[in-house]
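Residues 35 to 370 (my numbering) are what the sequence shown spells out, left to right.
Just so you know, even glycine gets a beta-carbon here, dropped at the ideal spot from N, CA and C.
Bear in mind the structure is a predicted one, so any value in this text is a computation, not a measurement.
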Amino acid sequence: MAVVQKLLRGASGEFALLRSHPDEHLFGVQLADKRPDCLAEGARLAESRGARFVDLNCGCPINLITGRGMGASLLRKPARLGRLVAAMKAAVKVPVTVKLRTGWHEEKVNVMDVARACEDGGADAITIHGRTREQRYSQAADWDLIGRVATERGVPVIGNGDILTPYEARERMARSGVRSVMIARGALIKPWLFREIKTGRPGFPRPRSASRSSGASWSCCASISERTSAAGSDDALPAVAPRLLLPLRPGSRGAVRRGGARAPAPAVALQPPPPSSPLERVLGATRAETHQRLAEELLASLTCEEACERAQRLALSLPAGGGDADLRVAASEVAG
Ligand SMILES: Cc1cc2nc3c(=O)[nH]c(=O)nc-3n(C[C@H](O)[C@H](O)[C@H](O)COP(=O)(O)O)c2cc1C
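Encoded structure:
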């Protein structure tokens with residue numbers, strides 16, 4: 035999500051968000067603003083830097099954004115939102131999409147009206163996160179409501195909320211009639227969840243440790259690295275990287291909690307294979323320092339192959355052992 039006002043001020047950190055990594059084959063930019071002319075200009079900027087689609091953020095719940103009339107605040111005035119979509123559509127050739135919540139709060143659930151306004155404004159697709167702004171993550175996403183909008187509207191609807199397994203993706207799509215689903219937290223647990231959904235085979239073929247470390251985590255780090263270095267803040271990256279690696283540990287159950295802060299962790303199908311190779315042992319290491327070192331090796335790599343070699347070398351150089359405590363703490367921090 036890029037804040038258009040910052041783009042128009044020329045903020046380098048915001049422009050960094052418009053950069054894509056070569057591994058990102060379908061790169062889109064989400065924009066936050068509330069003015070038609072600014073959104074049109076933001077959309078043009080994103081398109082000129084390679085965005086294959088531009089999305090309007092109408093879901094961000096945080097006060098900093100809604101207090102300035104952006105994000106979920108846009109849900110309150112559907113007709114005005116329709117005009118914003120129309121302004122973006124007129125400015126670019128790439129598809130324009132909109133990310134919605136179901137409403138501002140439970141007494142103001144108005145996603146049916148909002149979706150109609152977006153369609154009238156020319157949106158090419160709309161994504162619905164099945165919760166209101168006030169609900170944040172406190173309740174299960176309302177897939178019945180998402181389904182009602184999908185049935186009623188001609189514009190393709192993408193459903194979003196609480197999908198953590200291929201079974202859920204399939205079941206939600208079939209039951210609600212949405213064209214597609216969007217996944218956020220599930221991908222933080224299992225970056226290969228998309229492949230599981232595509233193949234319909236959960237965990238099979240389970241990515242080998244090499245592809246987990248060289249593919250998923252490397253491109254994740256590299257992508258963030260590209261952006262943070264463009265923003266001139268590379269220093270922050272080593273602190274972030276071990277967190278990115280957490281979900282890749284064998285047997286990781288990730289850090290997502292479903293349906294509210296007290297709900298149990300979701301049963302993600304991640305049965306660890308026995309740590310057979312040195313690299314599996316590193317990914318399954320129980321010491322935070324080991325993950326820090328692995329993160330450093332990945333960050334120092336220029337290609338996926340080099341990342342893999344470095345990780346292998348590290349694996350061979352490490353003694354076995356360590357306590358689980360450090361990583362449990364780190365995992366609960368991510369969950370918080
Ligand atoms: C770390 C994180 C960052 C997010 N950033 C954005 C964002 O920039 N724009 C947006 O529309 N939604 C954002 N979301 C919300 C997700 O897109 C999604 O609507 C929400 O997490 C529900 O989907 P899930 O149950 O699959 O996580 C973010 C969610 C998470 C967990």
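Point to revise | Outcome for P306 when other beta-carbon atoms lying within 10 angstroms are tallied against a minimum of 16 | key: Taking the sequence shown and counting its residues from 1, one reaches residue 306 at position 272. Low confidence applies here, because P306 scores a pLDDT of 42, under 50, leaving its location unreliable; read the following figure in that light. The C-beta of P306 has fewer than 16 other C-beta atoms within 10 Å across all chains shown, which makes the residue exposed.
**Study point:** Cβ pair count under 8 Å reaching 3, the segment 103-110 against the segment 124-142
**Key:** Yes, the segment 103-110 is in contact with the segment 124-142.
Practice item. Starting from the N-terminal side, write out each stretch of the beta strand (DSSP E) that is 3 residues or longer and does not extend beyond the segment 61-124. Key: The qualifying runs are 62-66, 87-92.
Exercise for review: Using alpha carbons as the reference points, say which of Q326, A175, R182 lies closest to M216.
Suggested key: The residue you call residue 216 lines up with position 182 of the sequence shown. Put simply, of Q326, A175, R182 the residue whose alpha carbon is nearest the alpha carbon of M216 is A175.
**Study point:** For A77 and M122, believed in contact at Cβ under 8 Å, the rounded distance
**Key:** Position 88 of the sequence shown holds residue 122. Position 43 of the sequence shown holds residue 77. Contact flag correct, Cβ pair sits at about 5 Å.
Review point. In three-state DSSP terms, what is V143?
Key: As a position in the sequence shown, residue 143 is number 109, starting the count at 1. V143: strand per DSSP, three-state reduction.
Review point. Roughly how many angstroms lie between the CA atoms of L352 and R344, to the nearest whole one?
Key: Numbered from its first residue, the sequence shown carries residue 352 at position 318. Numbered from its first residue, the sequence shown carries residue 344 at position 310. If you take the alpha carbons of L352 and R344, they lie about 13 Å apart.
Check your understanding: In chain order, what residues of the same chain lie with their CB nearer than 8 Å to the CB of L42, ignoring the 5 residues before and after it?
Key -> Translated into the one-based positions of the sequence shown, residue 42 becomes position 8. If we look at L42 and ignore the five residues flanking it on each side, its Cβ neighbours are C72, E75, G76.
Check your understanding: How should P225 be labelled, buried or exposed, when 16 other C-beta atoms within 10 angstroms of its C-beta is the threshold for buried?
Key -> Within the sequence shown, residue 225 is the residue found at index 191, counting from 1. Answer is buried; the Cβ neighbour count reaches 16.
Practice item. Can you tell me the Cβ-Cβ gap for H231 and V212, rounded? I've got them flagged as a contact below 8 Å. Key: By 1-based counting over the sequence shown, the position of residue 231 is 197. By 1-based counting over the sequence shown, the position of residue 212 is 178. A small fix is needed here, since residue 231 is Ile in this sequence, not His. Going by Cβ atoms, the distance from I231 to V212 rounds to 13 Å, so no, they are not a contact pair.
**Study point:** Length of the line joining the Cα atoms of V37 and K127
**Key:** Looking up residue 37 in the sequence shown gives position 3. Looking up residue 127 in the sequence shown gives position 93. Here the C-alpha atom of V37 lies approximately 21 Å from the C-alpha atom of K127.
Check your understanding: What is the residue span of the beta strand (DSSP E) that T131 lies within?
Key -> Here residue 131 is taken as the residue at index 97 of the sequence shown, counted from 1. Looking at the DSSP string, the run of the beta strand (DSSP E) that includes T131 is 130-135.
Check your understanding: Would you say Q169 touches ligand 1, meaning its beta carbon is less than 7 Å from a heavy atom?
Key -> Position 135 of the sequence shown, counting from 1, holds the residue named residue 169. No.
Check your understanding: Is the distance from the Cβ of L179 to the Cβ of A151 below 8 Å?
Key -> Counting from 1 along the sequence shown, the entry for residue 179 is found at position 145. Counting from 1 along the sequence shown, the entry for residue 151 is found at position 117. No; because the gap between Cβ atoms is not below 8 Å, this pair is not in contact.
Point to revise | Spatially closest choice to C92 from L79, A85, K68, R83, by CA coordinates | key: The count along the sequence shown starts at 1 and reaches residue 92 at position 58. Checking every option, the nearest Cα to that of C92 belongs to K68.
Exercise for review: Can you tell me which of the three DSSP states T324 falls into?
Suggested key: Within the sequence shown, numbered from 1, the residue matching residue 324 stands at position 290. Note: T324 maps to helix in three-state DSSP.
Check your understanding: Excluding sequence positions up to five away, which residues of its chain have a Cβ less than 6 Å from the Cβ of G181?
Key -> Sequence index remark: in the sequence shown, residue 181 carries index 147 (1-based). S210, G211, listed in sequence order.
Exercise for review: For A175, name the three-state secondary structure that DSSP assigns.
Suggested key: As a first step, residue 175 is located in the sequence shown; it is residue number 141 there, counting from the start. Residue state, collapsed to three classes: coil.
Check your understanding: On the three-pair Cβ rule with 8 Å, is the segment 142-151 touching the segment 162-173?
Key -> Output reads yes: the segment 162-173 touches the segment 142-151.
Check your understanding: Hey, is K40 close to ligand 1, as in C-beta under 7 Å from one of its heavy atoms?
Key -> Taking the first residue of the sequence shown as position 1, residue 40 is located at position 6. Flag unset: Cβ of K40 not near ligand 1.
Review point. If you follow the alpha helix (DSSP H) that I162 is part of, which residue opens it and which one closes it?
Key: Taking the first residue of the sequence shown as 1, we reach residue 162 at position 128. Here I162 belongs to no alpha helix (DSSP H); instead the beta strand (DSSP E) covers 159-163.
Check your understanding: N97: beta carbon under 7 Å from a heavy atom of ligand 1?
Key -> Here residue 97 is taken as the residue at index 63 of the sequence shown, counted from 1. Outside the cutoff, so no.
Check your understanding: Within 10 angstroms of its Cβ, does A96 collect 16 or more other Cβ (buried), or is it exposed?
Key -> Counting from 1 along the sequence shown, the entry for residue 96 is found at position 62. A quick correction: the sequence has Ile, not Ala, at residue 96. Exposed, because fewer than 16 other Cβ atoms sit within 10 Å of the Cβ of I96.
Point to revise | Backbone CA spacing between R12 and H59 [nearest angstrom] | key: Absent from the model: residue 12. The displayed extent of the chain is 35 to 370, so no value can be given.
Exercise for review: Would you decide whether E186 is buried or exposed? Buried here means 16 or more other CB atoms lie within 10 Å of its CB.
Suggested key: Position 152 of the sequence shown, counted from the start, is the residue given in the question as residue 186. It counts as exposed.
**Study point:** Secondary structure of A36, DSSP reduced to three states
**Key:** Working through the sequence shown from its first residue, we reach residue 36 at position 2. Collapsing the DSSP output to three states places A36 in a strand.
Check your understanding: Using a Cβ-Cβ cut-off of 6 Å (strictly less than) and excluding sequence neighbours within five positions of M35, which residues of its own chain qualify?
Key -> Numbered from 1 along the sequence shown, position 1 holds the residue referred to as residue 35. Taken in chain order, the residues that qualify are Q64, A66, N91.
**Study point:** Residue span of the alpha helix (DSSP H) that contains S210, given as start and end
**Key:** The sequence position of residue 210 within the sequence shown is 176, counting from 1. Per DSSP, the unbroken alpha helix (DSSP H) holding S210 starts and ends at 200-210.
**Study point:** Pairwise C-alpha distance: K40 and V119
**Key:** Start at 1 with the first residue of the sequence shown, and residue 119 comes out as number 85. Start at 1 with the first residue of the sequence shown, and residue 40 comes out as number 6. The C-alpha of V119 lies about 20 Å from the C-alpha of K40.
Review point. Any heavy atom of ligand 1 closer than 7 Å to the Cβ of A203?
Key: Locating residue 203 in the sequence shown gives position 169, where the first residue counts as 1. For ligand 1, not one heavy atom lies less than 7 Å from the Cβ of A203.
Check your understanding: Starting from S46 and walking both ways along the alpha helix (DSSP H), at which residues does that stretch end?
Key -> For the purposes of this step, residue 46 is taken as the residue at position 12 of the sequence shown. Where S46 is concerned, the enclosing alpha helix (DSSP H) stretches over 46-50.
**Study point:** Collapsed DSSP secondary structure at G220 in the structure displayed
**Key:** What you label residue 220 is simply residue 186 of the sequence shown in a count that begins at 1. Collapsing the DSSP output to three states places G220 in a helix.
Check your understanding: When the Cα atoms are used, what is the spatial distance from A349 to E323?
Key -> Along the sequence shown, one-based indexing puts residue 349 at 315. Along the sequence shown, one-based indexing puts residue 323 at 289. Approximately 13 Å, taken between the alpha carbons.
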